[in-house]
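Residue numbers (the numbering used here): 3 to 373.
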């Protein structure tokens with residue numbers, strides 16, 4: 003039996019607490035070698051995009067693939083995207099075309115889940131809900147080791163699906179959060195975010211008018227934006243803060259050098275392998291190409307030996323102590339997710355779907371070569 007599980011069903015079957023537990027187990031297995039994962043591969047084919055005002059902007063089709071095996075499942079995830087780039091609010095930003103966006107996610111992707119026991123295809127799972135939870139959950143796990151024990155104030159820069167997943171993870175991972183400050187250049191987005199019912203139990207959630215105001219006085223700084231240029235300044239940082247960032251380019255090399263403790267998802271998956279087609283629509287903007295050429299993490303952060311920084315498995319397996327002083331400024335560079343996160347969470351979704359009788363059965367006759 004093959005199950006098709008759509009995003010609405012995945013939302014019923016998987017929440018943040020389940021995601022935190024599943025990723026904690028899987029990251030431990032990654033650290034011991036019991037689970038394996040491959041780097042992400044990105045294919046970019048340049049094209050153009052015409053916005054509502056008739057401006058022709060550089061764009062591209064993006065195809066991302068990644069794969070992994072837990073101790074029970076193997077998974078392949080792919081994502082098809084239509085992207086464009088523009089200057090906005092003083093930052094060079096990457097956005098997805100409106101035709102790409104869906105009500106539940108800004109992306110379109112699918113997960114193929116296989117059994118390690120017999121190699122069978124078990125499920126086709128929509129990846130939108132899983133995509134957001136797995137990134138937020140990784141940052142939440144890191145917060146247990148990198149945030150101050152008495153952390154109570156959170157700053158969120160960004161108001162999209164990913165920013166929401168990060169705040170959800172912090173509220174589930176860190177006891178005692180009492181205040182949240184949110185900034186986005188778009189006032190409507192800020193207001194929508196603070197009114198999300200997921201934050202109802204937090205007594206003080208409010209929008210602010212600029213990023214510095216949000217960062218100042220916060221114990222946890224979540225950066226989850228579309229910017230390809232830094233969105234915080236080193237001088238804004240204060241002793242005791244924990245910073246997590248979704249994209250490495252949201253933080254400057256100078257700011258990276260300021261962190262007393264810097265951790266990454268996995269030292270073996272510091273960046274994707276990217277291929278860019280050469281066609282009549284190219285080349286891509288210099289900022290995009292520089293982002294690719296510098297690599298992940300940024301190659302111009304020359305004072306950091308990225309091969310020796312701790313990763314999340316090191317923290318979970320006590321191979322690194324994480325924060326050891328309340329005044330340290332710490333960072334989890336949460337960029338470049340990888341297939342293991344999807345394999346772990348898709349496995350949980352599949353098990354819950356089978357248990358609860360959720361999902362639609364697909365005939366194995368549609369995939370005769372797999373059986």
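Glycine residues also receive a C-beta, built at the ideal position from the N, C-alpha and C atoms.
Based on DSSP bridge pairs, tell me the residues matched to residue i.
i	result
residue 193	In DSSP, residue 193 forms no bridge with anything.
residue 97	86
residue 183	157 and 208
residue 333	245 and 264
residue 229	95
Short of 7 Å in beta carbon distance, which residues of its chain neighbour residue i, apart from the five on each side in sequence? Order them along the chain.
i	result
residue 36	73
residue 174	18, 19, 22 and 142
residue 366	4 and 373
residue 193	209
residue 338	42, 267, 271, 272, 273, 274 and 298
residue 220	155, 156, 157, 183 and 243
Rounded to the nearest angstrom, how far is the Cβ of residue i from that of residue j, given a contact under 8 Å?
i	j	result
residue 143	residue 264	That pair is no contact at about 16 Å.
residue 70	residue 159	Not quite, the Cβ-Cβ distance comes to about 29 Å (not below 8 Å), so this is no contact.
residue 306	residue 241	Not confirmed; about 20 Å, so no contact.
residue 346	residue 25	6 Å
residue 117	residue 75	7 Å
residue 165	residue 244	16 Å between Cβ atoms; not a contact.
residue 218	residue 238	6 Å
residue 123	residue 369	6 Å
residue 257	residue 234	7 Å
residue 236	residue 94	So it is not a contact: roughly 20 Å between Cβ atoms.
Consult DSSP for residue i and reduce its assignment to one of helix, strand or coil.
i	result
residue 310	helix
residue 157	strand
residue 14	helix
residue 165	helix
residue 278	strand
residue 236	helix
residue 42	coil
residue 363	strand
residue 315	helix
residue 269	helix
residue 49	strand
residue 200	helix
residue 217	helix
residue 126	strand
residue 295	helix
residue 290	helix
residue 328	coil
residue 175	helix
residue 323	coil
residue 283	coil
residue 170	helix
residue 151	coil
residue 55	coil
Kindly list the residues whose CB is nearer than 8 Å to the CB of residue i, restricted to its own chain and excluding five residues on each side of it in sequence; keep chain order.
i	result
residue 321	33, 312 and 315
residue 360	7, 11, 14, 15 and 354
residue 99	51, 61, 84, 85 and 86
residue 58	50, 51 and 52
In the DSSP assignment, find the unbroken beta strand (DSSP E) run with residue i in it and report its ends.
i	result
residue 350	Looking at the DSSP string, residue 350 is not in any beta strand (DSSP E); the run it does join, the alpha helix (DSSP H), is 341-358.
residue 68	58-71
residue 21	Not the beta strand (DSSP E): residue 21 falls in the alpha helix (DSSP H), residues 18-34.
residue 89	75-90
residue 6	4-7
residue 265	263-266
residue 223	222-225
residue 117	110-117
residue 305	Per DSSP, residue 305 belongs to no beta strand (DSSP E) and is neither H nor E.
What is the residue span of the alpha helix (DSSP H) that residue i lies within?
i	result
residue 206	Note, residue 206: premise wrong, no alpha helix (DSSP H); beta strand (DSSP E) at 206-209.
residue 135	130-148
residue 260	255-260
residue 245	From DSSP, residue 245 is part of no alpha helix (DSSP H) but of the beta strand (DSSP E) over 244-247.
Tell me which same chain residues have a C-beta within less than 6 Å of the C-beta of residue i, skipping the five on either side of it?
i	result
residue 168	138, 141, 224 and 226
residue 354	15
residue 136	343 and 347
residue 187	91
residue 184	158, 192, 195, 196 and 209
residue 29	314, 315 and 318
residue 39	70, 340, 341 and 342
residue 362	6
residue 178	154
Does the beta carbon of residue i fall short of 7 Å from some heavy atom of the ligand SAM?
i	result
residue 124	In the structure shown, the ligand SAM is absent, as is every other ligand, since no ligand is present at all.
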